[in-house]
Amino acid sequence: MQDNHLPTAELQALDAAHHMHPFTFGAELAEKGARIITRAKGVWLTDSEGEEILDAMAGLWCVNVGYGREELAEVAARQMKQLPFYNTFFQTSHVPAIMLAKKLAEIAPGDLNHVFFNGSGSDSNDTNLRMVRHYWDLKGQPERFNVISRWNGYHGSTMGGGSLGGMKGIHAQGGLPIPGIHHIDQPDWWSEGGDMSPEDFGLARAQQLEEKILELGPETVAAFIAEPVQGAGGVIVPPATYWPEIQRIVKKYDILLIVDEVITGFGRTGNWFGSETMGITPDIMTCAKGITSGYIPLGASIVSDKIAKVIDEGDEFAHGYTYSGHPVACAVALENIRLLEEEGIVERAGKEIAPYLKEKWEALVDHPLVGEARIVGLMGSIALTPNKATRAKFKAPGGTVGYICRERCFANNLVMRHVGDRMIISPPLTITKAEVDILIERARKSLDETL
Ligand code: PLP
């Protein structure tokens, strides 16, 4: 295919003049000019100047099957021709939504057998928030209104999702959090564990949940929501003691557990779901991103038998989006799951690529700037520090060095994200060992240039 577009400088000027970017400082972008991506294949992006860039972020943690899969485009085109849209409101349904719900019920853990479709991860978490409160209303316990989540967790940027998340920068804009959302600390041992062992720290952080429940009154708490492994917060892999203790506590107080698998779902942690990797049994699972490998927007709340029964037998659940169960998105998701399954992409990523990447990634700690490397499956991060022994922070404002490193990566044709002074990877699950080698070589070069 021939690229046929305006010159890069003209595109950048139009972009700055008319396009408002998410999570971007607009004036800075206007001055620098956006890098314009025009095509992609496998793990490789091509920009408007013809440069090839290794995308170690799979877009935004989502292109699990890699770029350029014709099968997904063909399925989308076929579905658009046959039935481009129909809603699933008011006693109608359609084949793609039915078949995808069935498939998700098969692959989701435990008794998560019911699917409410949404348009994204954020609005899936809005659905979850309303659903758990409605559930307790229907159970005759309307005072169970509070939902507990974690500081530095990420659950989206809508009013509900942004409130459930614990990102203070998001809360500072637009009147978040909304009422009834409460936060406890995250289980980031390396950054916050001090002299404690990871095991003791994991227990202590989980026990904050019990403290918060007791502070609010157990009879007022509807649910706890968390990511199995925090992604946007910096790939925070909790100590082994954390999740068992969380599960003991939610069970003790009969509190619903919402596990946000928007990043960790569909193979990212080496298993189909992060819940399997971390040994979690959720009541509701949030999915988006990898459900379609990002080829088209789709979110899903996958719900247990227990909750679905109460919701289905109650009043009308007065909630839904025009695009809940969009037929084209559902058809693409089904095909995406078929590729992940039939080509053994999840299995290969977990068994072959994850151990190889782990060895190379963890070896980056020999670099003078790197204090810690952590990784689970195909999601990893490294902490940049001026002093490994003390885990010190840089004198420059938080995130400055991470930002410089990200810029160096970009200049070296590698996409890594920075979260403060942490560098993140989450490549397509289809990455090869040879491409892992290129990723590591470019990361090392960029770290050298950041010093
Ligand atoms: N939940 C988690 C764990 C996420 O990482 C994200 C996005 O990164 C979201 C929710 C929000 O998803 P979306 O951006 O599709 O609204």
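If you're matching positions, the sequence shown starts at 1 in full-length UniProt numbering and goes up one per residue.
Note that beta-carbon positions come from the ideal geometry of N, C-alpha and C, so glycine has one too.
Can you grab the Cα-Cα spacing for the pair Phe90 / His319, in whole Å? As a first step, residue 90 must be located in the sequence shown, where it is residue number 90. As a first step, residue 319 must be located in the sequence shown, where it is residue number 319. C-alpha separation (whole angstroms): 12 Å.
Opposing strand residues paired with Leu45 [DSSP bridges]: As a first step, residue 45 is located in the sequence shown; it is residue number 45 there, counting from the start. Per DSSP, Ala40 and Ile53.
Does Asp312 come out as helix, strand or coil in the three-state DSSP assignment? Position 312 of the sequence shown, counted from the start, is the residue given in the question as residue 312. Correct three-state label for Asp312: helix.
Presumed contact (8 Å Cβ cut-off) between Gly42 and Gly59, rounded CB distance: Taking the first residue of the sequence shown as position 1, residue 42 is located at position 42. Taking the first residue of the sequence shown as position 1, residue 59 is located at position 59. Actually they do not touch by this definition, with Cβ atoms about 13 Å apart.
Between the Cα of Val229 and the Cα atoms of Leu429, Leu378 and Ala105, which residue gives the shortest distance? Taking the first residue of the sequence shown as position 1, residue 229 is located at position 229. The shortest Cα separation from Val229 among Leu429, Leu378 and Ala105 belongs to Leu378.
On the three-pair Cβ rule with 8 Å, is the segment 148-164 touching the segment 355-364? no
Return no unless some Cβ of chain C is closer than 9 Å to the Cβ of Glu245. Of the chains in the structure shown, none is chain C; there is only one protein chain.
Helix, strand or coil at Cys330 [DSSP, three-state]: Counted from its first residue, the sequence shown places residue 330 at position 330. Cys330: helix per DSSP, three-state reduction.
List the residues that DSSP assigns as beta-bridge partners of His183. Indexing the sequence shown from 1 puts residue 183 at position 183. His183 pairs with Ser149.
Rounded Cβ spacing between Pro428 and Val63 (contact assumed at less than 8 Å): If you number the sequence shown from 1, residue 428 lands on position 428. If you number the sequence shown from 1, residue 63 lands on position 63. Confirmed, Cβ separation roughly 5 Å.
With respect to the alpha helix (DSSP H) encompassing His171, which residues constitute its N-terminal and C-terminal limits? What you label residue 171 is simply residue 171 of the sequence shown in a count that begins at 1. Residues Lys168 to His171.
So Ile291 and Phe273 are supposed to be a Cβ contact under 8 Å. How far apart are they, rounded? Within the sequence shown, the letter at position 291 stands for residue 291. Within the sequence shown, the letter at position 273 stands for residue 273. So it is not a contact: roughly 11 Å between Cβ atoms.
Rounding to the nearest angstrom, what Cα-Cα distance links Ile382 and Gly371 in this structure? Your numbering for residue 382 matches position 382 in the sequence shown. Your numbering for residue 371 matches position 371 in the sequence shown. Roughly 7 Å between the two C-alpha positions.
Boundaries (first-last residue) of the beta strand (DSSP E) holding Arg374: Here the question's residue 374 lines up with position 374 in the sequence shown. Counting along the chain, the beta strand (DSSP E) containing Arg374 begins and ends at Val370 to Val376.
Buried or exposed for Met1, please, with buried defined as at least 16 other CB atoms from any protein chain shown within 10 angstroms of its CB. Mapped onto the sequence shown, residue 1 falls at position 1. Note that Met1 scores 49 on pLDDT, short of 50, meaning its location in the model is unreliable; the coordinates nonetheless yield the value given after this. Counting Cβ neighbours within 10 Å, Met1 comes out exposed, since fewer than 16 surround it.
Leaving aside the five residues before and after His171 along the sequence, list all residues of the same chain whose C-beta is less than 8 Å from its C-beta, in chain order. For the purposes of this step, residue 171 is identified with residue 171 of the sequence shown, where counting begins at 1. Gly162, Ser163 and Pro177, listed in sequence order.
Where residue 477 falls, given that 16 or more other Cβ within 10 Å makes a residue buried: This structure cannot speak to residue 477, because the chain is shown only from 1 to 451.
Could you tell me if the beta carbon of Val346 falls within a distance shorter than 8 Å of some heavy atom in the ligand PLP? Counting from 1 along the sequence shown, the entry for residue 346 is found at position 346. No, Cβ of Val346 sits at least 8 Å from all heavy atoms of the ligand PLP.
Taking 6 Å as the limit between beta carbons, can you name the residues of its chain near Val328, skipping five residues before and five after? For the purposes of this step, residue 328 is taken as residue 328 along the sequence shown, with counting starting at 1. Only Ala76, Gln79 and Met80 meet the Cβ criterion.
Tyr135 CB to nearest heavy atom of the ligand PLP below 8 Å: For the purposes of this step, residue 135 is identified with residue 135 of the sequence shown, where counting begins at 1. Every heavy atom of the ligand PLP is 8 Å or more from the Cβ of Tyr135, so no.
Which first and last residues belong to the alpha helix (DSSP H) in which Ser163 is found? As a working note, residue 163 is residue 163 in the sequence shown. That run of the alpha helix (DSSP H) goes Met159 to Leu164.
What residue range is occupied by the uninterrupted beta strand (DSSP E) comprising Asn118? Residue mapping note: residue 118 aligns to position 118 of the sequence shown, counting from 1. Leu112 to Asn118 is the span of the beta strand (DSSP E), which, as asked, contains Asn118.
Same chain, Cβ closer than 8 Å to Tyr403, neighbours up to 5 away in sequence not counted: Within the sequence shown, residue 403 is the residue found at index 403, counting from 1. Excluding sequence neighbours, Tyr403 sits near His418.
Identify whether Tyr356 lies in helix, strand or coil by the three-state DSSP scheme. Looking up residue 356 in the sequence shown gives position 356. Residue state, collapsed to three classes: helix.
Take Trp190 and list the residues in its own chain whose beta-carbon comes closer than 8 Å to its own, dropping the five residues that flank it on each side. Position 190 of the sequence shown, counted from the start, is the residue given in the question as residue 190. Answer for Trp190: Gly371, Glu372, Arg374, Ala383 and Arg391, listed in chain order.
Candidates Asp448, Val415 and Ala389: closest to Gly194 by CA position: The count along the sequence shown starts at 1 and reaches residue 194 at position 194. Among Asp448, Val415 and Ala389, the Cα nearest to that of Gly194 belongs to Ala389.
Give me the Cα-Cα distance between Lys395 and Thr450, rounded to the nearest whole angstrom. Counting from 1 along the sequence shown, the entry for residue 395 is found at position 395. Counting from 1 along the sequence shown, the entry for residue 450 is found at position 450. In a straight line, the C-alpha of Lys395 is about 15 Å away from that of Thr450.
Is the number of C-beta pairs between the segment 91-111 and the segment 300-310 that are closer than 8 Å three or more? yes
Express the C-alpha separation of Gln141 and residue 453 in angstroms, rounding to a whole number. There is no way to answer for residue 453, as the model of the chain reaches only from 1 to 451.
Quick check on the burial criterion: 16 or more other C-beta atoms within 10 angstroms. Buried or exposed for Glu335? Looking up residue 335 in the sequence shown gives position 335. The residue is buried, with at least 16 neighbouring Cβ atoms inside 10 Å.
Should residue 470 go down as buried or exposed, given a rule of 16 or more other Cβ atoms within 10 Å for buried? It is not possible to answer for residue 470, since the shown part of the chain is limited to 1 through 451.
Ala9, buried or exposed, once every other Cβ within 10 Å from all chains shown has been counted against 16: Looking up residue 9 in the sequence shown gives position 9. Per the 10 Å Cβ criterion, exposed.
Taking Gly50 as the reference, give the member of Glu71, Pro7, Leu83 and Phe25 with the closest Cα. Within the sequence shown, numbered from 1, the residue matching residue 50 stands at position 50. Answer by Cα proximity: Pro7.
Check Cys287 in the structure and name its three-state DSSP category. Your numbering for residue 287 matches position 287 in the sequence shown. It is a strand residue.
Alpha-carbon spacing of Asp188 relative to Gly234, whole angstroms: Within the sequence shown, residue 188 is the residue found at index 188, counting from 1. Within the sequence shown, residue 234 is the residue found at index 234, counting from 1. Going by the C-alpha atoms only, they are around 9 Å apart.
With DSSP run on the structure shown, which of helix, strand or coil describes Ser426? Position 426 of the sequence shown, counting from 1, holds the residue named residue 426. Three-state result, Ser426: coil.
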